[in-house]
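**Q** Residue numbering for the sequence shown follows the numbering used here, starting at 6 and increasing by one per position.
Backbone N, C-alpha and C fix where the C-beta goes; we use that ideal spot for every residue, glycine too.
The following block contains the structure, expressed as structure tokens.
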Amino acid sequence: MTIEEKIAEIQKGIPRHVKLIAVSKTRPVEDVFEAYHAGIRSFGENRVQELLQKQPQLPKDIEWHLIGHLQTNKVKYIVPFVHMIHSVDSLKLLSEINEQARKVNRVIPCLLEMRIAREETKYGLTLNEAETLLNSDLYKSLKNIQINGLMGMATFTDDAGQVRDEFSSLQRTFQLFKEKFFENGPFFKEISMGMSGDYKLAIECGSTMVRIGTSIFGERF
Ligand SMILES: *Cc1c(COP(=O)(O)O)cnc(C)c1O
């Protein structure tokens, strides 16, 4: 199947309110163009270096999503154009995004990355860490970021029950935070969860954004 056919196939299984983000990491710009011509306007990259290399070569109406771990010293390079940062996992990072966004007079949509997988290696905040962040005076003073929701990655496993438990826990945390911290914040509405292997399950559990690479572009090199 071509990239275009794969996208059409995936779109059929995704409800209208769920955004498909095509994860183009490691893929050449030619592949991104192909997905673009199939109608995709949201792309996800996990490395700043690669994003900076591709972005100038591609159409300006693409919305670029940073989905991978972000180092504070690289924030300044992406803040002028990035559409959303999914991988905010510390107050330090959030305040650096705010600082750089202030300089270019932007408000950057961000998601808090929550640790939902049982695997030790995954990034993300625990429930306690996220609550501490949202309760802090520093966070409340930040005017150039906006927390639009939560992001999480489930354990890489064939155990669908476990993956469902992890996605459901992210959905519950989202509801809890919405009531506790964003009662008057209609912008807090996104749950970014689901990848090639588990996006259908993620949608059943309340995902609003799925990040799909392999099922669109094939196995990564
Ligand atoms: C690579 C990546 C994806 C896409 O993974 P696939 O299994 O190729 O669909 C989604 N989210 C993040 C954070 C990634 O790094």
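Taking Cβ positions, are residue 73 and residue 47 nearer each other than 9 Å?
**A** Not in contact: residue 73 and residue 47 (Cβ atoms no closer than 9 Å).
**Q** Drop a sphere of 10 angstroms on the beta-carbon of residue 130, count the other beta-carbons inside from all chains shown, and report buried for 16 or more, exposed for fewer.
**A** By the 10 Å Cβ count, residue 130 comes out buried.
**Q** Using a Cβ-Cβ cutoff of less than 7 Å, which residues in the same chain neighbour residue 168 once the five nearest sequence positions on both sides are dropped?
**A** Once the five neighbours on either side are set aside, the close Cβ partners of residue 168 are 159, 160, 162, 203 and 206.
**Q** What would DSSP say about residue 153, mapped onto helix, strand or coil?
**A** The answer is strand: DSSP assigns residue 153 an E or B state.
**Q** Closest by CA to residue 138, which one among 99, 69, 225 and 213?
**A** Nearest C-alpha to residue 138: 99.
**Q** Name the residue from 209, 201, 210 and 214 whose alpha carbon lies nearest to the alpha carbon of residue 225.
**A** Of 209, 201, 210 and 214, the residue nearest in Cα terms is 201.
**Q** Leaving aside the five residues before and after residue 143 along the sequence, list all residues of the same chain whose C-beta is less than 8 Å from its C-beta, in chain order.
**A** So the list reads 96 and 100, once near-sequence residues are dropped.
**Q** Does the structure place the stretch 169-186 close enough to the stretch 141-156 that three or more beta carbon pairs sit under 8 Å?
**A** Output reads yes: the stretch 169-186 touches the stretch 141-156.
**Q** Using 8 Å as the Cβ pair cut-off and three pairs as the minimum, do the stretch 58-69 and the stretch 103-112 touch?
**A** Taking 8 Å as the limit for Cβ pairs, the verdict is that the stretch 103-112 does not touch the stretch 58-69.
**Q** Once the 5 residues before and after residue 86 are set aside, which same chain residues still bring their CB inside 7 Å of it?
**A** So the list reads 60 and 69, once near-sequence residues are dropped.
**Q** Tell me whether residue 154 counts as near ligand 1, meaning its Cβ is closer than 8 Å to at least one heavy atom of that ligand.
**A** Flag unset: Cβ of residue 154 not near ligand 1.
**Q** In angstroms with no decimal places, state the Cα-to-Cα distance between residue 116 and residue 193.
**A** Residue 116 and residue 193: Cα-Cα distance of roughly 9 Å.
**Q** So for residue 46, helix, strand or coil by DSSP?
**A** DSSP places residue 46 in coil when its eight states are reduced to three.
**Q** Find the nearest neighbour of residue 195 within the set 208, 136, 14 and 214, judged by alpha-carbon distance.
**A** For the residues 208, 136, 14 and 214, the minimum Cα distance to residue 195 belongs to 214.
**Q** Can you look up residue 96 in the DSSP assignment and give me helix, strand or coil?
**A** It is helical.
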